[in-house]
RNA sequence: CGGAGCGUGGCGCAGCCCGGUUAGCGCACUAGACUGGGGGUCUAGGGGUCGGAGGUUCAAAUCCUCUCGCUCCGACCA
């Protein structure tokens, strides 16, 4: 009965694996590098999908579905794109029992096949903007995998839009970045840094890649979502043209953007502790678990009856589950639900029934509070709101406490090695400095933040920490997943 | 692909060097009783041809060869 998970402080990586397996979020599959998402994990993904889907639709996007297989010739049309993805693709060469005339790539992402269709569907400026999204699985042949964070097959959504002008495409790219930010912060209680990827880190085939980056409890960065302004690169490769109002044939301006089941990994690593997972209330399919406590049959009857009535009231405001399994002790259940991250636990025993009150136990703080039967459902609701809020604040404070402004390379190297964290520093645009940085410190430029804090005299400019060359603004450097 | 480690009931391991009764332990599981406000106790059970193939031997979980898989650390990536 001692399925203790490894302590975070002992070995973060083992802690993560233990948690994922023991909280029954996912399991290793018989296929190398792939995972099985178990009901506990999938429930979180469904919640994420529901919220994001709503946000996409509210901003005018529609869902569609494109094939899993992509003709090899499509993959090869956009030069940068092929270069970026060819090394990590799975390819079907046989169909039925015949060798295929043209090999079929299993989509690592769907730009190519979607834009082949766009070129067919888009004729006039009246057809724009075209705003589609698909929920799908994709396959990338990874060398090293980790549950949720990097698996050979994963689930995601990919949005693909086409616009008449560069500015509209840019606006769309940023609009999505805002949606991701809002989703991460409001629902996942994960604070993010928004900004631009460097040339080196951007998506293969994009003009610009924007991203949201979050800090995990081990102070490493995780890219939680990306939004690409594709410019006209794919439009040219796939001949996606439209006739403008003025009658000219022009290439469309495109965007693509996505978040994946990796978000579940970030949820775990941002909030989890030595007891297990912490699901933010807004993503919890079960927000409250009620644990009845009794000794004999007469107590059991009285407690369950009272619990039943309370649950009816609770159901009007929160999602609640009664754990009336008889073969586990209350203590066992406490640990079990804490491991699984249920935000709020309500204990009800004979004493409570007598007092017309119950005990609330918060997963975020562990705090125990007696609460009267009267108005219980409202109290549960506001407690959940408070948990949601507190989880965000705690994560934000952790990130802020571990973000450092540095102007001396040696100081950075030492601190990065010793403590880790996010480092705000000046780095110039040259690829050379970026590569040197990575080679010498294992840290990379995670993001060039939007709206950087102003330097002295409101200027953002500074000297590159490596070569002393000029740098337009501070960037965030960190070790990353 | 390079380095390290590991494959023994569902899970975690011991046994292996130094071959030899019936392959053992903890947890989980089943039945029952007592229990129940932070992972309860006792009793009685079920379950393994030791990753796979080949070899050495009177005899292999144990020695040898090959092979497959997994985890961790690096190079690639959401």
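Residue numbers (the numbering used here): 1 to 481.
Note that the Cβ used here is the ideal one computed from N, Cα and C, for glycine as well.
Note that this is a predicted model, so its numbers are computed, not measured.
Shown here, residue 76 sits in coil according to DSSP, grouped into three states, outside any helix or strand.
Fewer than three beta-carbon pairs drawn from the region 269-283 and the region 240-249 are found closer than 8 Å, and the two stretches are therefore not classed as touching.
Distance check between residue 444 and each of 17, 199, 322, 122 places 199 closest, using alpha-carbon atoms only. Around the beta-carbon of residue 115, 16 or more other beta-carbon atoms lie within 10 Å, marking it buried. By the Cβ criterion, the region 36-56 is not in contact with the region 99-119, since fewer than three pairs of Cβ atoms, one from each stretch, lie closer than 8 Å. Just measuring C-alpha positions, the residue of 89, 468, 167, 87 sitting nearest residue 407 is 468.
Bounds of the beta strand (DSSP E) holding residue 153 are 153-163. The region 206-213 and the region 406-421 do not touch, with fewer than 3 CB-CB distances between them shorter than 8 Å.
Counting every other CB atom within 10 Å of its CB across the protein chains shown gives residue 48 a total of 16 or more, marking it as buried. Here residue 399 is buried: its Cβ has 16 or more other Cβ atoms, across all protein chains shown, within 10 Å. Within the region 49-122, the complete alpha helix (DSSP H) segments at least 4 residues long are 72-75, 79-85, 111-121, listed from N- to C-terminus. Pairwise C-beta distances place the region 75-92 out of contact with the region 128-135, as fewer than three of them are shorter than 8 Å. Residue 480 places its beta carbon less than 9 Å from that of residue 213. Collapsing the DSSP output to three states places residue 463 in a strand. Contact between the region 179-193 and the region 211-227 is present: 3 or more CB-CB pairs across the two stretches fall below 8 Å.
Sequence-distant Cβ neighbours of residue 278 in its own chain, meaning closer than 7 Å and more than five residues away, are 271, 272, 341, 363, 364, 391. Judged by pairs of C-beta atoms under 8 Å, the region 255-265 does not touch the region 346-363, as fewer than three such pairs exist. Contact holds between the region 95-110 and the region 65-76, because three or more Cβ pairs, one in each stretch, are under 8 Å apart. In the DSSP assignment, residue 469 falls outside any beta strand (DSSP E) and carries neither an H nor an E. Residue pairing from DSSP places residue 476 in a beta bridge opposite 424, 447. Contiguous beta strand (DSSP E) elements confined to the region 218-287 occur at 221-231, 241-243, 249-251, 253-260, taking only those with 3 or more residues.
Within the region 299-342, the complete alpha helix (DSSP H) runs of at least 4 residues fall at 330-340. For residue 213, the secondary structure class from DSSP, reduced to helix, strand or coil, is strand. Boundaries of the beta strand (DSSP E) harbouring residue 345: 344-348, taken from the DSSP string.
Look at residue 398 here: in three-state DSSP terms it is helix. Cβ neighbours of residue 181 within its own chain (closer than 8 Å, five residues either side excluded): 192, 194, 212. Relative to the Cα of residue 236, the nearest Cα in the group 221, 296, 252, 225 belongs to 252.
When C-alpha distances from residue 330 are compared across 290, 320, 352, the shortest belongs to 290.
Bridge partners of residue 135 according to DSSP: 157. Here DSSP, grouped into helix, strand and coil, assigns residue 353 to helix. In the three-state scheme derived from DSSP, where H, G and I count as helix and E and B as strand, residue 358 is classed as strand.
Within the DSSP bridge table, the entry for residue 404 names 423 as partners.
Here DSSP, grouped into helix, strand and coil, assigns residue 35 to strand.
A check of alpha carbon separations from residue 138 across 380, 153, 224 identifies 153 as the nearest. Bounds of any beta strand (DSSP E) do not take in residue 140, whose DSSP letter is neither H nor E.
Just measuring C-alpha positions, the residue of 436, 384, 475 sitting nearest residue 424 is 475.
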